[in-house]
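Quick notes on the structure that follows.
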Amino acid sequence: MSVAELSTGKSSTYVHIQDKLAEPFSPNDLCKSWVLEWLDTNYCEKEAFRIRSCGTKAVSLQCPNGHKKRIRLTCHLEICPRCGQIGSLVHKRRYLRALDRLNWAPILGYMVFTLPREVSDAMPSKKQLSELEKEAGVIVRENFETEGCMVRTHFMGEEISKLHIHINVLFPIIDKTGTGKVPKETLALIRQQWTNFVNKTFNLSKEKTNVFYKFKTSTIKMRHVIKYVTRPVVVAEKFLSLSNEQKSWYLSFAGWHNTRWYGQLANCKYKQYLQEQGVDHIANQEKDLATATKCPVCNERYRYQEMIDVADIYKNEFRQIDKDVWVCYETFAYLLNKGSPNLKKKCGQPVDSKLTTGCPQTKKTAKSKEWHLRRHEKNCRQNDLFYSNVEHQPRAVPAISRG
Ligand SMILES: [Zn+2]
Ligand SMILES: [Zn+2]
Numbered sequence: 472m473s474v475a476e477l478s479t480g481k482s483s484t485y486v487h488i489q490d491k492l493a494e495p496f497s498p499n500d501l502c503k504s505w506v507l508e509w510l511d512t513n514y515c516e517k518e519a520f521r522i523r524s525c526g527t528k529a530v531s532l533q534c535p536n537g538h539k540k541r542i543r544l545t546c547h548l549e550i551c552p553r554c555g556q557i558g559s560l561v562h563k564r565r566y567l568r569a570l571d572r573l574n575w576a577p578i579l580g581y582m583v584f585t586l587p588r589e590v591s592d593a594m595p596s597k598k599q600l601s602e603l604e605k606e607a608g609v610i611v612r613e614n615f616e617t618e619g620c621m622v623r624t625h626f627m628g629e630e631i632s633k634l635h636i637h638i639n640v641l642f643p644i645i646d647k648t649g650t651g652k653v654p655k656e657t658l659a660l661i662r663q664q665w666t667n668f669v670n671k672t673f674n675l676s677k678e679k680t681n682v683f684y685k686f687k688t689s690t691i692k693m694r695h696v697i698k699y700v701t702r703p704v705v706v707a708e709k710f711l712s713l714s715n716e717q718k719s720w721y722l723s724f725a726g727w728h729n730t731r732w733y734g735q736l737a738n739c740k741y742k743q744y745l746q747e748q749g750v751d752h753i754a755n756q757e758k759d760l761a762t763a764t765k766c767p768v769c770n771e772r773y774r775y776q777e778m779i780d781v782a783d784i785y786k787n788e789f790r791q792i793d794k795d796v797w798v799c800y801e802t803f804a805y806l807l808n809k810g811s812p813n814l815k816k817k818c819g820q821p822v823d824s825k826l827t828t829g830c831p832q833t834k835k836t837a838k839s840k841e842w843h844l845r846r847h848e849k850n851c852r853q854n855d856l857f858y859s860n861v862e863h864q865p866r867a868v869p870a871i872s873r874g
């Protein structure tokens with residue numbers, strides 16, 4: 472075959488390859504290559520290696536009854552285009568963990584302590600930021616009806632190319648009769664305490680600093696604010712907008728604990744504390760397949776098996792639930808029967824209807840719709856119970872034919 476034939480795509484064998492090449496670049500791919508280019512030229516081999524290998528491996532888990540799950544391993548760096556996305560595996564884990572520890576009291580308090588612009592510009596040290604986080608936690612616990620809090624630092628705001636360090640504090644307010652409102656004097660006192668501490672730490676003589684308080688009383692709004700505070704902040708685009716000095720300073724925070732828990736919600740105390748409040752400390756984490764430690768079919772704990780390449784997850788043995796989770800067909804059949812929220816989320820409607828009517832969002836072709844339908848009918852013939860609403864019994868479900 473001639474080169475001309477190849478490039479025009481006239482040869483039937485190569486037509487589909489030509490089509491793929493004609494696809495536009497995804498902004499994520501472009502960002503990734505720019506981030507990697509900067510890391511390579513600035514001798515950050517470790518970070519570059521982590522981003523390059525992000526998502527290529529998976530952990531293999533299995534329950535004692537043989538139900539399998541595979542979870543993608545990611546690099547957890549916010550500047551990684553995969554991990555820096557809203558709803559990435561690392562964001563989801565952080566969010567669900569925080570949700571379990573925070574979303575149970577009638578009110579959720581939210582305080583933001585900002586640092587003066589010149590402090591952000593001067594790029595404070597790890598030690599200084601750790602002390603500021605600790606102090607923010609102390610101020611909140613002193614002034615509100617709460618016994619513990621989560622503190623998380625955001626290095627940037629909405630603005631690009633500028634550091635804007637602010638410390639977010641989330642805390643459950645236990646006061647059942649209260650509304651979450653606090654008197655003006657309390658807020659003035661909080662502002663004064665924060666200003667004094669900032670002045671002392673950075674040798675400044677500021678008269679006031681920016682402190683901001685909000686509270687949420689509905690579960691949806693609480694969830695929203697927890698998701699917002701736990702989101703990745705210095706993502707690839709924002710990282711690229713910083714100066715070289717700022718980039719190096721930001722990278723020096725790798726391994727620094729950005730999210731911290733204080734008081735009764737501290738890592739060593741929260742399980743017992745939540746138990747005393749009658750709260751299940753892993754309820755939300757167990758509901759999501761990505762974070763669940765127990766098998767949804769038999770409720771037994773998953774055990775670690777090995778680390779594998781994502782390319783080795785065979786399509787005919789596993790069903791992909793979302794971009795980071797795969798389960799064996801038996802688990803998938805169980806979830807399908809139960810109408811798991813994990814499966815509904817994917818296309819906005821239950822999978823059963825997707826099988827019979829075609830999914831408008833994934834735009835299945837007529838041919839693959841037909842194939843799904845045929846497989847669906849075959850499975851129904853094998854066992855009439857399969858799609859009925861009778862309560863699930865693990866042993867009664869047949870394994871779907873593989874491949
Ligand atoms: Zn990553
Ligand atoms: Zn199981």
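Residues 472 to 874, numbered by this note's numbering, are exactly what the sequence shown covers, in order. Note that CB positions come from ideal geometry on N, CA and C, so glycine has one too. Predicted model, so just to flag it, every value in this text is computed and none were measured.
Which residue's Cα is closest to the Cα of residue i: the options?
i    : options                   : result
K563 : R662, V669 and Y699       : Y699
Q756 : R521, L544 and L573       : L573
C525 : K809, G810, W797 and V781 : V781
D793 : Y744, R543 and T624       : R543
H752 : N729, D571, W732 and K677 : D571
R588 : E508, L634 and L711       : L634
K716 : S632, W727, Q791 and T666 : According to the sequence as given, residue 716 is Glu; it is not Lys. Ranking the options by Cα distance to E716, first place goes to S632.
E516 : S719, C769 and K809       : S719
F615 : S497, Q735, Q746 and I645 : I645
E613 : K742, M627 and G734       : G734
K605 : T545, I691, K677 and T730 : T730
V768 : L745, A804 and A593       : A804
N513 : S714, K709, V750 and V622 : S714
T672 : A761, P595 and N787       : P595
T762 : D795, W732, K740 and D783 : D795
F626 : V609, D592, K647 and K655 : D592
By the DSSP assignment, the alpha helix (DSSP H) with residue i in it spans what residues?
i    : result
M693 : T690 to V700
Q743 : Y741 to E747
T624 : Not the alpha helix (DSSP H): T624 falls in the beta strand (DSSP E), residues G619 to H625.
R772 : Looking at the DSSP string, R772 is not in any alpha helix (DSSP H), and its letter there is neither H nor E.
A761 : Run containing A761: none; DSSP gives neither H nor E here.
D500 : P498 to T512
K539 : Note, K539: premise wrong, no alpha helix (DSSP H); beta strand (DSSP E) at K539 to L544.
K718 : N715 to L722
E708 : A707 to S712
Please return the same chain residues whose Cβ sits closer than 8 Å to the Cβ of residue i, not counting the five positions on each side in sequence.
i    : result
P703 : E549, C554, G555, Q556, I557, S559, V561 and H562
C766 : C534, N536, H538, K540, R772, Y773 and T802
L658 : V682 and Y684
K652 : F686
T764 : I753, Q756, E757, R772 and Y773
A607 : M582, F584, V622, I638, V640 and W665
Q746 : H752
Spatial neighbours of residue i within its chain, please: CB distance less than 6 Å, with the 5 preceding and 5 following residues excluded, ordered by chain position.
i    : result
S531 : R541, Q776, E777 and I779
A707 : C502, V506, I550, P552 and G555
Y581 : L641, K685 and V696
K687 : L579, M693 and V696
D823 : Only weak support exists for where D823 lies, its pLDDT of 44 falling under 50; the coordinates are left without a value.
E518 : L510
K816 : Model confidence at K816 stands at a pLDDT of 49, short of 50, so the residue's coordinates are unreliable; what they give is reported in the following sentence. Answer for K816: no residue qualifies.
L492 : Confidence in L492 is poor, its pLDDT being 49 and thus under 50, which makes the residue's placement unreliable; the coordinate value appears in the next sentence. Cβ neighbours of L492 beyond the five flanking positions: none.
E618 : G734 and Q735
Whose C-beta lies closer than 7 Å to the C-beta of residue i among residues of the same chain, with five residues either side of it excluded?
i    : result
N681 : T585
L600 : T624
F724 : K597
Q791 : W797
Q864 : Low confidence applies here, because Q864 scores a pLDDT of 40, under 50, leaving its location unreliable and the question unanswered by this model.
E565 : A small correction: the amino acid at residue 565 is Arg; Glu does not occupy that position in the sequence shown. Excluding sequence neighbours, R565 sits near T701 and T730.
Would you mind reading off the limits of the beta strand (DSSP E) that contains residue i?
i    : result
I522 : Where I522 is concerned, there is no enclosing beta strand (DSSP E), although the alpha helix (DSSP H) it sits in stretches over E516 to S524.
R731 : T730 to G734
Q533 : K528 to Q533
K687 : V682 to K687
W797 : V796 to C799
D783 : Counting along the chain, D783 falls outside any beta strand (DSSP E), and DSSP gives it neither H nor E.
V550 : According to the sequence shown, residue 550 is Ile rather than Val. It is not in any beta strand (DSSP E) - I550 carries neither H nor E in the DSSP assignment.
D751 : Counting along the chain, D751 falls outside any beta strand (DSSP E), and DSSP gives it neither H nor E.
I557 : Run containing I557: none; DSSP gives neither H nor E here.
*Which residues have their C-beta within less than 5 Å of a heavy atom of ligand 1, listed in chain order?*
Residues whose Cβ lies closer than 5 Å to any heavy atom of ligand 1, listed in chain order: C525, T545, C546, C551, R553 and C554.
*Considering only heavy atoms of ligand 2, list every residue whose Cβ is less than 6 Å from one of them, following chain order.*
For ligand 2, the selected residues are C534, N536, H538, C766, V768, C769 and E771.
*asked:* My parser needs the beta strand (DSSP E) runs of 3 or more residues fully inside the stretch 573-654; what are they?
replied: As far as the stretch 573-654 is concerned, its whole beta strand (DSSP E) runs of at least 3 residues are 578-585, 619-625 and 637-644.
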